[in-house]
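Read through the structure below, which is laid out as structure tokens, and then see the notes.
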Amino acid sequence: MNFYIVTLIKTGLVAIVLLTFCAYLVWVERKVLAHIQLRPGPYRVGPHGLLQPLSDLIKLVTKEGVVPADVNIFYYLLAPFLSVALALVSIAVIPFGPVVEVFGVQTQMGLTDLDIGVLVVLAMSSLGVYGLVIGGWASNSKYSLMGSLRSSAQMVSYELPMAMAIVAPLLIVNSLSFREIVAAQEGFNFGFLPRWNVFAGPFPQLASFLLFMIAAFAETNRVPFDLPEAESELVAGFHTEYSSTMFAAFFTAEYASITTICCVASLLFLGGWHPLWPAEYGSDLVPAVLFAGAALILVFHGAQAVKSRMWDRFTFPAFGLILLGVAALFLIPALKPVLIPLFWFAAKTGALIFVFIWIRGTLPRFRYDQLMRFAWLTLFPLAVANLLATGLAVALTTK
Amino acid sequence: MDALLFLTFAGIAVLCGINLILQTHPISSALSLVGVMGSLAVLYLLLGGAFIAAVQLIVYAGAVMVLFVFVIMLLNAGAERKSSKPAVRAWISLPLIFTFVILLGGLIASRAPADAAVRFGEFTGGTAANIGRALFTAYLLPFEVTSILILIAILGAVVLARKEI
Numbered sequence: 100m101n102f103y104i105v106t107l108i109k110t111g112l113v114a115i116v117l118l119t120f121c122a123y124l125v126w127v128e129r130k131v132l133a134h135i136q137l138r139p140g141p142y143r144v145g146p147h148g149l150l151q152p153l154s155d156l157i158k159l160v161t162k163e164g165v166v167p168a169d170v171n172i173f174y175y176l177l178a179p180f181l182s183v184a185l186a187l188v189s190i191a192v193i194p195f196g197p198v199v200e201v202f203g204v205q206t207q208m209g210l211t212d213l214d215i216g217v218l219v220v221l222a223m224s225s226l227g228v229y230g231l232v233i234g235g236w237a238s239n240s241k242y243s244l245m246g247s248l249r250s251s252a253q254m255v256s257y258e259l260p261m262a263m264a265i266v267a268p269l270l271i272v273n274s275l276s277f278r279e280i281v282a283a284q285e286g287f288n289f290g291f292l293p294r295w296n297v298f299a300g301p302f303p304q305l306a307s308f309l310l311f312m313i314a315a316f317a318e319t320n321r322v323p324f325d326l327p328e329a330e331s332e333l334v335a336g337f338h339t340e341y342s343s344t345m346f347a348a349f350f351t352a353e354y355a356s357i358t359t360i361c362c363v364a365s366l367l368f369l370g371g372w373h374p375l376w377p378a379e380y381g382s383d384l385v386p387a388v389l390f391a392g393a394a395l396i397l398v399f400h401g402a403q404a405v406k407s408r409m410w411d412r413f414t415f416p417a418f419g420l421i422l423l424g425v426a427a428l429f430l431i432p433a434l435k436p437v438l439i440p441l442f443w444f445a446a447k448t449g450a451l452i453f454v455f456i457w458i459r460g461t462l463p464r465f466r467y468d469q470l471m472r473f474a475w476l477t478l479f480p481l482a483v484a485n486l487l488a489t490g491l492a493v494a495l496t497t498k
Numbered sequence: 132m133d134a135l136l137f138l139t140f141a142g143i144a145v146l147c148g149i150n151l152i153l154q155t156h157p158i159s160s161a162l163s164l165v166g167v168m169g170s171l172a173v174l175y176l177l178l179g180g181a182f183i184a185a186v187q188l189i190v191y192a193g194a195v196m197v198l199f200v201f202v203i204m205l206l207n208a209g210a211e212r213k214s215s216k217p218a219v220r221a222w223i224s225l226p227l228i229f230t231f232v233i234l235l236g237g238l239i240a241s242r243a244p245a246d247a248a249v250r251f252g253e254f255t256g257g258t259a260a261n262i263g264r265a266l267f268t269a270y271l272l273p274f275e276v277t278s279i280l281i282l283i284a285i286l287g288a289v290v291l292a293r294k295e296i
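Taken in order, these protein sequences are the chains called C and S. Numbering follows the numbering used here, in which position 303 of the first sequence is assigned residue number 402; successive positions increment by one, without gaps. Numbering follows the numbering used here, in which position 30 of the second sequence is assigned residue number 161; successive positions increment by one, without gaps.
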């Protein structure tokens with residue numbers, strides 16, 4: 100019985116955190132893109148537009164859901180549901196930290212740990228294409244159909260180099276379970292260089308990591324591979340005919356799959372929740388120092404508030420106080436084994452997600468024939484070569 | 132719990148299979164086939180074949196069927212007309228199907244030893260490591276022969292596609 104209660108609590112917690120995170124990811128993306136383009140970005144709703152996701156949510160839910168004439172209604176409604184469900188499922192096999200003891204109950208951070216965790220993520224990401232394909236086809240519109248045709252060709256093509264890039268670190272670690280993969284990357288070479296798959300092993304997986312990230316951009320339909328929704332040529336691609344909650348479902352699915360794939364990348368290649376440098380050199384203090392530093396910056400800016408924004412004198416130090424409280428949480432010995440790994444995992448995943456947004460603000464879109472050529476003639480051979488080299492290195496060094 | 136899951140997903144598989152034949156539109160049929168494959172994956176999972184279940188999803192549902200759907204959408208195939216069959220055919224074929232199913236069930240019940248029945252949760256040799264070991268030791272020759280066969284098929288497909296371009 101205890102198991103069911105703990106699992107229920109964890110599932111609820113993960114679902115709430117993931118969905119809130121996805122909503123705020125939209126805010127972060129708009130802000131980062133805006134700052135790349137020297138604009139302030141969302142600024143009106145709440146301080147620095149912080150309540151923007153909430154207002155977007157209210158807007159999307161209360162809007163009228165227009166169902167165009169001549170759509171295949173069953174598949175039209177099934178597609179967004181399928182899309183968001185398949186995107187959210189794979190978070191279930193992702194661990195966020197080590198096995199910990201909370202209130203006397205020993206539990207793992209993360210919902211479940213399967214022997215075939217990596218395969219489940221691959222399966223869900225390859226099934227995710229159905230949401231796009233069915234949606235585009237059922238919409239009965241040429242733009243939607245073009246978008247979904249492109250997406251099915253693109254996702255099938257890029258799955259190959261992605262799977263090949265994943266296999267290489269698996270050869271080194273010799274397991275398909277995320278927990279064991281992370282456990283194999285514990286420790287440091289020469290006392291300071293982390294034994295992550297990108298650095299260590301018989302064959303450093305840097306090439307494999309880059310290949311995986313490039314394929315991940317294509318799998319999640321992001322710039323520079325966002326051909327399925329290329330707005331300059333296809334209006335909005337596969338979700339042209341969708342509005343209201345159904346559009347929100349596609350949107351959530353996209354951000355949930357970005358989050359999942361960044362989690363997978365940091366687990367497979369960047370050592371999961373293991374810190375950047377050993378705890379003897381004070382890596383445990385990093386989160387506390389970071390949050391306290393942010394608090395100091397806020398207090399400093401509050402003291403320099405200009406006359407037209409006098410309320411900054413109170414709001415900035417108030418937020419600073421909250422951040423100081425967060426910093427203090429990282430110093431409590433009872434919470435340390437839970438929070439410190441969580442911080443490192445979130446920091447790595449967050450950094451990768453930032454790269455996703457950064458690339459969106461930097462690169463233009465590929466042409467469609469370039470995209471397919473790149474997948475089959477560049478990415479795939481490179482992934483195979485990397486796999487062969489890794490296999491040879493592993494075969495020569497084991498036993 | 133196992134029996135409940137089995138009945139649910141076996142039922143979904145059968146329903147999707149029937150739907151696959153009844154639908155007139157190719158896309159609906161293809162998606163029903165995806166439903167069959169997905170429920171089969173759950174049945175494999177119930178039997179302890181976790182690796183096979185994942186591969187079933189990745190290869191069949193995630194790659195083969197996506198290509199099917201892709202081709203159907205690319206050719207923009209519309210709904211097909213149902214050919215008008217004489218009603219006698221339905222009256223004869225239905226009892227024949229039932230007889231066939233009963234005969235098949237009877238044959239399996241009489242031939243298969245009772246103690247060899249499959250029980251959920253008993254089989255634990257379905258992990259990736261088990262299957263890898265089996266493929267690369269006991270079944271090495273069939274495995275390699277199959278891989279060469281698939282290689283020939285790929286080369287043939289490339290050659291055939293090249294001629295048309």
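Ideal Cβ positions, reconstructed from N, Cα and C, are used throughout, including at glycine.
What whole-angstrom Cβ distance do residue 350/C and residue 235/C have, given they're in contact under 8 Å?
Working through the first sequence from its first residue, we reach residue 350/C at position 251. Working through the first sequence from its first residue, we reach residue 235/C at position 136. At roughly 16 Å, the Cβ-Cβ gap does not stay under 8 Å, so residue 350/C and residue 235/C are not in contact.
- What does residue 258/S touch in chain C if you count any residue whose Cβ is under 7 Å from its own? Your numbering for residue 258/S matches position 127 in the second sequence. Listed along the chain, the chain C residues whose CB falls inside 7 Å of the CB of residue 258/S are 214.
7 Å Cβ shell around residue 177/S - same chain, five flanking residues per side excluded:
Reading the second sequence from its first residue, position 46 is the one you call residue 177/S. The residues are 133, 136, 137 and 251.
So residue 225/S contacts chain A; which residues on that side make the cut at Cβ distance below 8 Å? Among the chains of the structure shown, chain A does not appear; the protein chains present are C and S.
- Please name the residue, chosen from 291/S, 253/S, 219/S and 234/S, that lies closest to residue 180/S on a Cα-to-Cα basis. In the second sequence, residue 180/S corresponds to position 49, counting from 1. Per the Cα distances, 253/S.
- Item | residue 410/C: first and last residue of the uninterrupted alpha helix (DSSP H) it sits in | If you number the first sequence from 1, residue 410/C lands on position 311. No alpha helix (DSSP H) holds residue 410/C; DSSP gives it neither H nor E.
**Report entry** Neighbour-count burial assignment, residue 235/S, 16 or more Cβ in a 10 Å radius
**Finding:** Here the question's residue 235/S lines up with position 104 in the second sequence. It counts as exposed.
ask   = residue 318/C to residue 198/S, Cα distance in whole Å?
value = Sequence index remark: in the first sequence, residue 318/C carries index 219 (1-based). Sequence index remark: in the second sequence, residue 198/S carries index 67 (1-based). About 16 Å.
| CB contact below 8 Å: residue 201/S versus chain C | For the purposes of this step, residue 201/S is taken as the residue at position 70 of the second sequence. Cβ-Cβ to chain C under 8 Å: yes for residue 201/S.
Give the interface partners of residue 281/S over in chain C, defined as CB-CB distance under 9 Å, in chain order. Counting from one through the second sequence, the residue named residue 281/S turns up at place 150. Chain C residues near residue 281/S: none, gap ~15 Å exceeds 9 Å.
Next on the checklist: Counting only C-beta atoms, is residue 257/C closer than 8 Å to chain S at any point?
Outcome noted: Counted from its first residue, the first sequence places residue 257/C at position 158. Closer than 8 Å: no.
Tell me the DSSP secondary structure of residue 304/C in three-state form. Within the first sequence, residue 304/C is the residue found at index 205, counting from 1. Coil.
Go through its chain and collect everything with a Cβ distance to residue 362/C's Cβ below 6 Å, but skip five positions before and after it.
Residue numbering aside, residue 362/C sits at position 263 when the first sequence is read from its first letter. Sequence-distant Cβ neighbours of residue 362/C in its own chain, meaning closer than 6 Å and more than five residues away, are 193 and 448.
**Prompt:** Quick one: does residue 188/S have its CB under 8 Å from some CB of chain C?
**Reply:** Here residue 188/S is taken as the residue at index 57 of the second sequence, counted from 1. Residue 188/S counts as touching chain C.
query: How about the segment 450-457 of chain C and the segment 415-422 of chain C: do they share at least three Cβ pairs that are nearer than 8 Å?
result: no
Reference residue 203/S; option with closest CA among 476/C, 214/C, 247/C and 167/C
Working through the second sequence from its first residue, we reach residue 203/S at position 72. When only C-alpha atoms are compared, the closest one is 247/C.
(message) Can you give me the C-alpha to C-alpha distance between residue 105/C and residue 213/C, rounded to a whole angstrom?
(response) Here residue 105/C is taken as the residue at index 6 of the first sequence, counted from 1. Here residue 213/C is taken as the residue at index 114 of the first sequence, counted from 1. Approximately 17 Å, taken between the alpha carbons.
Quiz item: What do you get for residue 378/C, buried or exposed, if any count of 16 or more other CB atoms within 10 angstroms of its CB means buried?
Solution: On the first sequence, residue 378/C is found 279 positions in, with the first residue counted as 1. That one is exposed.
Requested in this report: Identify whether residue 487/C lies in helix, strand or coil by the three-state DSSP scheme.
Outcome: Residue mapping note: residue 487/C aligns to position 388 of the first sequence, counting from 1. It is helical.
Under 9 Å between beta-carbons, which chain S residues line up against residue 221/C? List them in chain order, please. Position 122 of the first sequence, counted from the first residue, corresponds to residue 221/C. Those are 185, 188, 189 and 193, listed as they occur along chain S.
Checklist entry - Whose CA, out of 391/C, 272/C, 222/C and 435/C, lies closest to the CA of residue 360/C? => result Stepping through the first sequence from its first residue, residue 360/C is reached at position 261. Closest by alpha carbon: 222/C.
Among the residues of its own chain, which have a CB less than 7 Å from the CB of residue 270/C, if the five just before and after it don't count?
-> For this step, residue 270/C is matched to residue 171 along the first sequence. Only 489, 490 and 493 meet the Cβ criterion.
#### Entry: Short-range partners of chain C found in the segment 157-182 of chain S, where Cβ spacing is below 9 Å
Those residues of the segment 157-182 of chain S that come within reach of chain C (Cβ to Cβ, closer than 9 Å) are 158, 159, 162, 165, 169, 172, 181 and 182.
_If we require 4 or more residues per run, which alpha helix (DSSP H) segments fall completely within the segment 169-252 of chain C?_
Within the segment 169-252 of chain C, the runs of alpha helix (DSSP H) at least 4 residues long that lie entirely inside it are, in chain order, 172-188, 216-226 and 228-237.
Segment limits, alpha helix (DSSP H) that includes residue 467/C | Locating residue 467/C in the first sequence gives position 368, where the first residue counts as 1. Here the alpha helix (DSSP H) through residue 467/C covers 467-472.
Quiz item: Excluding five sequence neighbours on each side, which residues of the same chain lie with their C-beta closer than 6 Å to the C-beta of residue 216/C?
Solution: For this step, residue 216/C is matched to residue 117 along the first sequence. Excluding sequence neighbours, residue 216/C sits near 192, 276 and 277.
*Since I believe residue 189/C is in contact with residue 224/C (beta carbons under 8 Å), could you give me their beta-carbon distance rounded to a whole number of angstroms?*
Along the first sequence, read from residue 1 onward, the residue named residue 224/C stands at position 125. Along the first sequence, read from residue 1 onward, the residue named residue 189/C stands at position 90. Indeed, because the Cβ distance is near 7 Å, the residues count as touching under 8 Å.
Tell me whether residue 293/C sits in a helix, a strand or coil according to DSSP, three-state version.
As a working mapping, residue 293/C is identified with position 194 in the first sequence. Correct three-state label for residue 293/C: strand.
* Roughly how many whole angstroms lie between the Cα atoms of residue 281/C and residue 293/C? -> By one-based count along the first sequence, residue 281/C stands at place 182. By one-based count along the first sequence, residue 293/C stands at place 194. Taking the straight line joining both Cα atoms gives about 12 Å.
Discussion item. Judging by CA-CA distance, which residue of 138/C, 160/C, 386/C and 322/C is the nearest neighbour of residue 424/C?
Written reply: If you number the first sequence from 1, residue 424/C lands on position 325. Checking every option, the nearest Cα to that of residue 424/C belongs to 386/C.
Check your understanding: CA-CA distance, residue 159/S and residue 174/C?
Key -> Residue 159/S sits at position 28 when you count from the first residue of the second sequence. Residue 174/C sits at position 75 when you count from the first residue of the first sequence. Those two C-alpha atoms are separated by around 9 Å.
Check: If the cut is a Cβ gap below 8 Å, which residues of chain S does residue 225/C touch?
Finding: By one-based count along the first sequence, residue 225/C stands at place 126. In chain order: 188, 189, 192, 193, 194 and 197.
Subject >> Short Cβ contact (8 Å threshold) for residue 144/C with residue 151/C >> reply: Translated into positions along the first sequence, residue 144/C becomes position 45. Translated into positions along the first sequence, residue 151/C becomes position 52. Their beta carbons are under 8 Å apart, which means residue 144/C touches residue 151/C by this criterion.
Against chain S, which members of the segment 139-152 of chain C pass a CB distance test of less than 7 Å? So the list is empty, because no residue satisfies the distance condition.
Q.
Just verifying my parser: in three-state terms, what is the DSSP assignment at residue 150/S?
A. Sequence index remark: in the second sequence, residue 150/S carries index 19 (1-based). Helix at residue 150/S.
Using a Cβ-Cβ cut-off of 8 Å (strictly less than) and excluding sequence neighbours within five positions of residue 171/C, which residues of its own chain qualify? Counting from 1 along the first sequence, the entry for residue 171/C is found at position 72. The answer, listed in chain order, is 236, 237 and 239.
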